[in-house]
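Data block below; observations after.
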Amino acid sequence: ATPRSTARQLVREALERYGLAPEEGTSEEYVLCDVVGRPGGPGGAWQVEHLRPVGDAERPLVLQDVWKPKTGCSRRFEIRRRQEVERVCEGEDAETAGERPPCSSALSPVLSPVGDAVV
Numbered sequence: 025a026t027p028r029s030t031a032r033q034l035v036r037e038a039l040e041r042y043g044l045a046p047e048e049g050t051s052e053e054y055v056l057c058d059v060v061g062r063p064g065g066p067g068g069a070w071q072v073e074h075l076r077p078v079g080d081a082e083r084p085l086v087l088q089d090v091w092k093p094k095t096g097c098s099r100r101f102e103i104r105r106r107q108e109v110e111r112v113c114e115g116e117d118a119e120t121a122g123e124r125p126p127c128s129s130a131l132s133p134v135l136s137p138v139g140d141a142v143v
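Sequence positions in the sequence shown follow the working numbering and run 25 to 143.
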């Protein structure tokens with residue numbers, strides 16, 4: 025990945041690397057998510073504070089360089105099913121505005137990166 029790599033390119037490359045995108049168009053089913061959180065759940069599990077789907081044309085390495093998480097938090101990029109992210113984000117916007125972090129941990133990643141690495 026380079027600073028010029030788009031989110032769409034990174035999703036496609038990661039899915040190919042893990043053998044999840046053998047057919048054309050399969051990568052369109054997934055979205056790269058910018059996830060900010062911290063360890064601290066049961067057993068040291070990752071606690072999501074904010075999840076944002078990254079636009080297909082956005083450049084994740086530039087985002088990582090320009091926008092830093094608040095003190096005590098870390099960022100990681102996760103690949104998730106686009107349909108689930110859209111459904112959960114829309115549902116939380118309508119039903120629980122202000123009660124929980126946007127698009128919180130109701131979703132589990134398809135591929136989990138380590139630290140700040142982009143998959």
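Yeah, the Cβ is synthetic: ideal placement off N, Cα and C, and Gly gets one too.
Query: For aspartate 89, three-class secondary structure by DSSP; Result: helix
Query: Secondary structure of valine 143, DSSP reduced to three states; Result: With a pLDDT of 40 at valine 143, under the threshold of 50, the modelled position of this residue cannot be trusted; read the value that follows with caution. Reduced to three states, the DSSP call for valine 143 is coil.
Query: Cutoff 6 Å; reference serine 129; Cβ partners in own chain excluding five residues on either side; Result: Bear in mind that the predicted position of serine 129 carries a pLDDT of just 41, short of 50, making it too unreliable to give a figure here.
Query: Coil, strand or helix - arginine 100 by DSSP; Result: strand
Query: Nearest to glutamate 53 (by Cα), restricted to the options Arg111, Arg104 and Val112; Result: Arg104
Query: Nearest candidate by alpha-carbon position, reference proline 77, set Glu110, Gln33, Arg41 and Leu34; Result: Glu110
Query: Euclidean distance between Cα positions of serine 29 and glutamate 82; Result: 8 Å
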